[in-house]
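Below is one structure, written out as structure tokens; comments come after it.
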Amino acid sequence: MADCAIGVIGAGSFGTALAIHVARRGAPTLLWGRDAARVAAMQEARENAQYLPDCSFPVMLTATADLAALVRSCEDLLIATPSHALRETLDALGPLLRDGQGLVAACKGLEPGSGRLVHEVFDSALGGDRPVAVLSGPTFAKELGIGLPTAVTIAARDEAFAEKIAIRLHGGGFRAYWTDDLPGVELGGAAKNVMAIGVGIADGLQLGANTRAALITRGMAEIMRLAEALGARPETLMGLAGMGDLVLTCTDNQSRNRRMGLLLAQGKSVDDATREIRQVVEGIKAAPEVLRLAKQHGVEMPITEAVGAVLDGRTNPVEAVRALATRPAKPEAG
């Protein structure tokens, strides 16, 4: 395998789109998937027909099922597995990594059962002395895959590492900004999926544009309260990884989380809706973990609570909306 700057681990829709983008920039790029037969089919067809059809692989992109070879060949690794599989992925990577090899997480969520943020999972699994960054922002895989303009935020404790990754990814219609606000970027990417399910429910119940705008705005207020409790900066949540991603995910049917809400409003179960969507819906696993953090920090999140109650069967979409609508009046800043 040829040496490459960045190897992408995770051949789902977003990982494939990122690999296509990096390869379009002219860098030799490796894309890893665990299913060897599917990876071989992708390499032969020069596209990921299952998750990202009609987005052709550039000449510089190679799909591989050999994780060890990818790690040996690449300077930095971009991890685009689902967030609930992050620890398993890091456990597999740990023995293969070189000293100083950088890791970039492109998954949005919290660790199931612990509520850990993405960088905290990295610290727990690999120790805290490795260069680690997180990529987040309003990014639908299909649009990135076909080369439409996209903007993201790269966050890392070491802002120089965030800058290095941002510059490496920047270009070809892809704008990358950087910051050292890891909690803000990570929480924005996780919590917006829960809010998108709520907005999907409201739109599925045909509650109108006023309700949609109210849920997005008050959802942002919930996210910012929790983010502040975690030490994040407000301006991060008003940026790409916060408001930008929230608006995208809540308002366009490319969003799996929004589609989940729409299907729940039709009376479908979570399991049936997931089967229909046929991809991971991150907000399902994120909701209880966001609520776990909110409880730990004494933060009130009524929209998140309502979505969580629908997802775990304690209430139905109509009753959840009614409960939100009948909450007492209060100052907007509260």
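In the working numbering, each number is its position in the sequence shown, counted from 1, plus 589. We put the beta carbon where it would ideally sit given N, CA and C, even for glycine. If you're wondering where the values come from, they're calculated on a predicted model, not measured in any experiment.
Check: Under 8 Å between C-beta atoms of residue 663 and residue 699; Outcome: no
Check: Assumed close pair residue 808, residue 735 - CB separation to whole angstroms, cut-off 8 Å; Outcome: That belief does not hold up - the Cβ atoms of residue 808 and residue 735 are roughly 29 Å apart, past 8 Å.
Check: Local conformation of residue 805 per DSSP, three classes; Outcome: helix
Check: Cβ neighbour criterion (16 or more within 10 Å) applied to residue 757; Outcome: buried
Check: Proximity winner among 801, 706, 714, relative to residue 684 (alpha-carbon distances); Outcome: 714
Check: Outcome for residue 908 when other beta-carbon atoms lying within 10 angstroms are tallied against a minimum of 16; Outcome: exposed
Check: Close beta carbons around residue 637, own chain, < 6 Å, minus the five adjacent residues each side; Outcome: 605, 631
Check: For residue 839, the first and last residue of its enclosing alpha helix (DSSP H); Outcome: 834-840
Check: Terminal residues of the beta strand (DSSP E) in which residue 728 lies; Outcome: Run containing residue 728: none; DSSP gives neither H nor E here.
Check: Local conformation of residue 636 per DSSP, three classes; Outcome: coil
Check: CA-to-CA distance, residue 922 to residue 711, given in whole angstroms; Outcome: 35 Å
Check: Cβ-based burial, residue 806 [other Cβ within 10 Å; buried from 16]; Outcome: exposed
Check: Whole-angstrom C-beta distance between residue 660 and residue 666, which should lie under 8 Å; Outcome: 7 Å
Check: For residue 776, the first and last residue of its enclosing alpha helix (DSSP H); Outcome: 771-793
Check: Cut-off 6 Å between Cβ atoms - residues of its own chain near residue 780, not counting five sequence neighbours on either side; Outcome: 812, 879
Check: Residue 694, buried or exposed, once every other Cβ within 10 Å from all chains shown has been counted against 16; Outcome: buried
Check: Per-residue burial, residue 773 [other beta carbons within 10 Å of its own, 16 or more giving buried]; Outcome: buried
Check: From 597, 751, 738, residue whose alpha carbon lies closest to that of residue 722; Outcome: 751
Check: Three-state secondary structure (DSSP) of residue 825; Outcome: helix
Check: Close beta carbons around residue 740, own chain, < 8 Å, minus the five adjacent residues each side; Outcome: 726, 727, 763, 764, 765, 766, 829, 833
Check: Residues bridged to residue 691 (per DSSP); Outcome: 665
Check: DSSP state of residue 746 mapped onto helix, strand, coil; Outcome: coil
Check: Sub-8 Å separation of residue 839 and residue 848 beta-carbons; Outcome: no
Check: For residue 763: DSSP bridge partner residues; Outcome: 739, 760
Check: Of the residues 859, 797, 613, the one placed nearest residue 900, counting alpha carbons only; Outcome: 859
Check: Neighbourhood of residue 816 by C-beta, 6 Å cutoff - its chain only, sequence neighbours within 5 removed; Outcome: 773, 776, 826
Check: Beta carbon of residue 850 nearer than 8 Å to that of residue 877; Outcome: no
Check: Which listed residue (831, 800, 844, 788) has its alpha carbon closest to that of residue 869; Outcome: 844
Check: Spatial neighbours of residue 821 in its chain, beta-carbon cut-off 7 Å, leaving aside the 5 residues before and after; Outcome: 770, 772, 773, 776
Check: Extent of the continuous alpha helix (DSSP H) to which residue 596 belongs; Outcome: First-last for residue 596: 593-598, but that is the beta strand (DSSP E), not the alpha helix (DSSP H).
Check: Coil, strand or helix - residue 541 by DSSP; Outcome: No answer is possible for residue 541: it lies beyond the span of the chain, which begins at 590 and ends at 923.
Check: Contacts around residue 648, its chain only, beta-carbon distance under 8 Å, and the 5 residues preceding and following it disregarded; Outcome: 612
Check: Same chain, Cβ closer than 8 Å to residue 639, five either side skipped, listed in chain order; Outcome: 627
Check: 8 Å contact criterion, which residue 673 and residue 874 should meet: CB distance rounded; Outcome: 5 Å
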